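**Q** I have a structure I would like to understand better, so I am pasting it below and will then ask my questions one at a time.
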Amino acid sequence: MPPYVSRKRARSSSPVPSSPSKGRNVKATAKRVKTTLFETIDATPKRTRTADENKKLLEKLNEDDDESLSEADTDDFEDVDVPLAKKRKVAQSNDHDVPSEVDDEMDWEDAIANGAPSAQSTSHAANDSIEHDIEDVSFSVKEDGGIADEGIRVPGLGKKGPSKREKHVRIQSHCLHVQALMWHNTVRNGWLNDKPVQKTLVEGLTEGVKREVTRWRESMGTLSHEQLEAKKQARSANGKGKRGRRLKGKDGGREWTHGAQHLEQGVPNLSAGDPLLRLLKVLAAYWRKRFTITAPGLRKQGYMPVKRLRDEIKDWEKNRGDMEHHGERIENIEHFRKLAKECEGSRDVGAQLFTALLRGLGIEARMVVNLQPIGFGFSKAEEAEPKKSKKAAKVESETDEVVDTKQSKKAAGRKARTALQEERPSRKSARGNKNQPIDLDNSDSPLSEVPADVEIIEDDDDLSIIDVTPSTPKKKPNKKYDRDLAFPNYWVEACSPILHKYIPVDPVVLSTIASNEELLQLFEPRGKKAEQAKQVMCYTIAFSADGTAKDVTVRYLRKHQLPGKTKGTRMPAEKVPIHNRKGKVKRYEEYDCFRTVMSIYDRPESKRTLADKLEDQNDLKPAKPEKQEKEVEKESLQWYKQSAEYVLEQHLRREEAIIPGSETVRTFTAGKGDKAKEHPVYRRADVVTCKTVESWHKEGRAIKMGEQPMKLVPMRAVTLIRKREMEDAERETGEKLKQGLYSIDQTDWIIPPPIENGVIPKNAFGNMDVYVPTMVPAGAVHLPLKGTAKLCRKLEIDYAEACTGFEFGKQRAVPVLTGVVVAEEHELLVRDAWRAEQKEAKRKEDTKRTAAALQWWRKMLLGLRVLDRMRVEYADAGGTEEELNPFVRKAKREGRAVAMKAPQASAEADAEGGGIFLPGHDEEE
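Last residue of the sequence shown: number 925 in the UniProt record's numbering, and the count goes up by one each step with no gaps.
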């Protein structure tokens, strides 16, 4: 008989669900048993057919479709829900009668009907009835091809939130995208300093714009004396001076002809305000007419599904030049120079080239970029829009062109009607009234807006009209790009050399020169258009010509408060715990990821300009949110409780009282009808703070004679003795014990009488209360020295220990004794004795420490002597030095190198070899 070997019991079958109760109409369904991991691993893998075999089988089934339907039994077409257990029994019973040629058909049914047992699993069920059906290992696959993460289930809502891994991935993706955009703009900012690019843009200016640039330099006082003389001669040759000759009269009028003297060299002319505003207006109008948008700019796409992202990458690798689908691509500086020469590109390139133009003219300009990185949240705004087909995109573009044509026709009609109805306005001087100061922050100033027309009327005799029409006609783009982006991603900040202030300019999208606060708020993306286009303001960076950069997000936020509109899109500073040696959190330090990235772009302190300092102090300083105090209705109990001027008697604290004789300001009636109650209203200045007799005594004050308490309050007990006193008094009188409160005006300083014959007065406890210096009597002195009471007893001097306070603990009050109080004639004697005692105590402590050190030295030397004696006596007993010397053993255990003495063979041992050869001995032949 074979030996019995214990075997792990197989899983038992699932219990059959009981029938539902009569009161409930619930459909009972058999649950399919889920196989374990071991059963799945041990299962025989199913044979999978190739594509050719499946194709042949389908063709065979189609040919025999009619025949199989005619021979089929009608029971096969009944819609009956057969329980799973019954299916297993039927499969097991039919397995003996099914021939082998039907195996393929059974496998095909298994492929169609998920969950039916295969022929191979059916044979296993026939051999062993305990085995169960083996299911496949299931995992969730998203529609986009990625594996779904189960995430976190929100309790009570049944929703699954993002997992910790998904959150970490999005945060890291956001930070990486921000760094990539920063590097992209760093390279592009370096291209703006390219001399050929700046030379191309400056030489392409029209004559009218060049004359305006010369006029700006003249107003700034940067033209040399020779250039000024040449300009005067040019004016004289042109015959423009009639107005000045008319103004010159016999009564000594001002002379404005070419013979008039200029201002002092290097002094700017501020008669018409900041000259830079006028120049920026002209340059913005010129650039708007000159530049052509021929490509789409950067935009925020959002998170795409894995499958779509994979297709986008493959399409980009094949068609990198597809500007319509993948956006504008500028590969190198040569391509950028070509765009500068043709003055075309995306609207982002337009703002960048305008920055290069200002730098080429000698104006300090910064390229400002509003980064549009992917977010780190999980809202719908962070997901990419569904991909549009090419046909839908074509129809949408055609619709936009039709709408643009209709709008342009309507605008032309309105302009024609307006021209017929209104007369041409008279020309006015931009300098205004000489007696009225010019407000540069006025939003109604014409310098704050870029005109849509091509001509700018001037007031100078030198030039009546500035022609900003470029010599090369502007190209008409085949398609209007980025129409849905209502706010710019790139613009310019020009620094005024007079005001040392940066002025934002956007000549392409907004056509705005933000010289005031209202125009400055136009740059912040807001509203429905910004949400649809996924435009946000989280990181707004200004790149300077020297390669440095600065975070200027605060300037463009409404109310200039952080986080403001950047909440949810800008990575906040996180708290990093700092642990001590024991692993406990010692403190928290803030780590700002974006601030770390911006640290490499900071301008050194030695190169900071006045504009940087003013900017950091004013524009870039985050404003603190205003505290919104809850408005309380006047003439109410709550209003009087919070009032700093008036007070009601019922709102007084325990230690507060109203000065007797104070007049009431008014009477306040609270409630209505029968519940109405009148309350006298007092001034807050008539309220004083009161204390008990003991509290005033601890402050060195005593109640004056004949003073009555201003207020009686229940007594408070802290110590156990006081509690017992209160309980006894309450038992005797039947009322709680009360104590009086007195104000500071009812007290006076405690000044004890002087001592007589060197005798120190003492209280019932044998000490003296010295809470304040004034409580020391005349003729005595307080010595706050430790151990002086013992010295006074040795010297037989009258003294009293000084009680300077109390310590409360365990329902007891323990007095704090600090030194002694002695007569003045004994002060020097007590101090000298205290110094001598301290010196003697120090000597004794040193002696004790020396004796302890000598004792340990003696113990060590005795141990060494014992060790040396043992080494001498037991050296021939065998064993290594490590076994005999504990110091060598300890050094080896700690990993330190110790010089070991090599064993020396004595002559006697050589002679008495015992018939063996020692190491190193050569046997003679």
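We put the beta carbon where it would ideally sit given N, CA and C, even for glycine. Quick caveat, the model's predicted, so the values are computed rather than measured.
Grab the span of the alpha helix (DSSP H) containing Q315 for me, first residue to last.
**A** Before going further, note that residue 315 is Asp rather than Gln in the sequence given. Residues V306 to K318.
**Q** Compute the distance between the beta-carbons of R347 and V508, then report whether it is under 9 angstroms.
**A** In this structure, V508 lies closer than 9 angstroms to R347 by Cβ.
**Q** In the DSSP assignment, what residue or residues form a beta bridge with M768?
**A** DSSP, once it has assigned bridges, lists A802 as partnering M768.
**Q** In terms of DSSP beta bridges, what is S643 paired with?
**A** DSSP lists no partner for S643.
**Q** Drop a sphere of 10 angstroms on the beta-carbon of D322, count the other beta-carbons inside from all chains shown, and report buried for 16 or more, exposed for fewer.
**A** With fewer than 16 other Cβ atoms within 10 Å, it is exposed.
**Q** How big is the Cα-Cα spacing for A284 and Q233?
**A** Rounded to whole angstroms, A284 to Q233 spans 30 angstroms at the Cα level.
**Q** In this structure, does DSSP put K677 in helix, strand or coil?
**A** If DSSP states are grouped into helix, strand and coil, K677 belongs with the strands.
**Q** Please state if the CB of F668 and the CB of E656 are separated by a distance shorter than 9 angstroms.
**A** It is not a contact, given that the beta carbons lie outside the stated cut-off.
**Q** Return the chain-ordered list of same chain residues with a C-beta closer than 6 angstroms to the C-beta of F291, the five sequence neighbours on each side being excluded.
**A** Excluding positions up to five away in sequence, the list reads C343 and G350.
**Q** Hey, how far is the Cα of H177 from the Cα of T186?
**A** Each residue's alpha carbon lies about 14 angstroms from the other.
**Q** Across the stretch 162–182 and the stretch 579–597, are there enough close Cβ pairs to call them in contact, namely three or more that are closer than 8 angstroms?
**A** Contact holds: three or more Cβ-Cβ distances are below 8 angstroms.
**Q** Tell me whether A789 counts as near the ligand GTP, meaning its Cβ is closer than 8 angstroms to at least one heavy atom of that ligand.
**A** Of the ligands one can find in the structure shown there are none, so the ligand GTP has no counterpart to examine.
**Q** Could you spell out the range, first to last residue, of the beta strand (DSSP E) harbouring V693?
**A** Careful: V693 lies outside any beta strand (DSSP E), inside the alpha helix (DSSP H) at V693 to K698.
**Q** Taking the beta strand (DSSP E) that E656 belongs to, which residues open and close that run?
**A** Looking at the DSSP string, the run of the beta strand (DSSP E) that includes E656 is E656 to I658.
**Q** In this structure, does DSSP put A381 in helix, strand or coil?
**A** Here A381 sits in helix by DSSP.
**Q** Could you tell me which whole beta strand (DSSP E) segments of length 3 or greater appear in the stretch 520–560?
**A** Correct list: 539–543 and 549–551.
**Q** So, helix, strand or coil for N54, using DSSP?
**A** Helix, per DSSP.
**Q** Within 10 angstroms of the Cβ of Y481, are there 16 or more other Cβ atoms? Answer buried if so, exposed if not.
**A** Buried.
**Q** Can you tell me which residues form a DSSP beta bridge with G809?
**A** Bridge partners of G809: R812.
**Q** So the candidates are I744, Y742, S743 and E725; which of them puts its Cα closest to the Cα of E735?
**A** The option with the nearest alpha carbon to E735 is E725.
**Q** Out of curiosity, what's the CA-to-CA distance linking R865 and Q855?
**A** Roughly 15 angstroms between the two C-alpha positions.
**Q** Who are the near neighbours of residue 954 in its chain, counting only those whose CB is closer than 7 angstroms to its CB and skipping five residues on each side?
**A** The chain is shown from 1 up to 925; residue 954 falls before or after that span and cannot be answered.
**Q** Could you spell out where the alpha helix (DSSP H) holding I171 opens and where it closes?
**A** Segment K164 to W191, the alpha helix (DSSP H) holding I171.
**Q** Considering only C-alpha positions, which residue in the set G360, S271, R310 and P196 is nearest to H335?
**A** Checked all of G360, S271, R310 and P196; the closest Cα to H335 is P196.
**Q** Could you give the residue range of the beta strand (DSSP E) that holds P504?
**A** That run of the beta strand (DSSP E) goes K501 to D506.
**Q** Using the Cα positions of K388 and K586, report the straight-line distance between them to the nearest angstrom.
**A** Their Cα atoms are separated by approximately 54 angstroms.
**Q** Using only the alpha-carbon positions, how far apart do N885 and A851 sit?
**A** If you take the alpha carbons of N885 and A851, they lie about 29 angstroms apart.
**Q** At 3 residues or longer, and completely inside the stretch 706–753: list those beta strand (DSSP E) runs for me, N to C.
**A** Runs of the beta strand (DSSP E) inside the stretch 706–753: 711–714, 738–743 and 747–749.
**Q** Whose C-beta lies closer than 6 angstroms to the C-beta of Y539 among residues of the same chain, with five residues either side of it excluded?
**A** Excluding residues within five positions, the ones whose Cβ falls inside 6 angstroms are L371.
**Q** Quick one: residues in its chain with C-beta nearer than 6 angstroms to the C-beta of E493, no 5 flanking neighbours on either side, listed in chain order?
**A** Correct list, in chain order: R366, V368, Y502, P504 and A542.
**Q** For my contact list, A717 and K723 are in at a C-beta cut-off of 8 angstroms; report their separation, rounded to the angstrom.
**A** The Cβ separation is near 4 angstroms, so the contact holds.
**Q** Using only the alpha-carbon positions, how far apart do T569 and H174 sit?
**A** Distance between the alpha carbons of T569 and H174 is about 9 angstroms.
**Q** Straight-line CA distance for K550 to Y640?
**A** The alpha-carbon atoms of K550 and Y640 are separated by roughly 50 angstroms.
**Q** Going by DSSP, what residue range makes up the beta strand (DSSP E) through V665?
**A** Where V665 is concerned, there is no enclosing beta strand (DSSP E), given that its DSSP letter is neither H nor E.
**Q** If I measure Cβ to Cβ from Q352 and keep anything under 7 angstroms in the same chain, skipping five residues before and after, which residues do I get?
**A** Excluding sequence neighbours, Q352 sits near R188, L192, M367 and Y490.
**Q** In this structure, what does DSSP give as the bridge partners for L783?
**A** DSSP output for L783 lists V820 as bridge partner(s).
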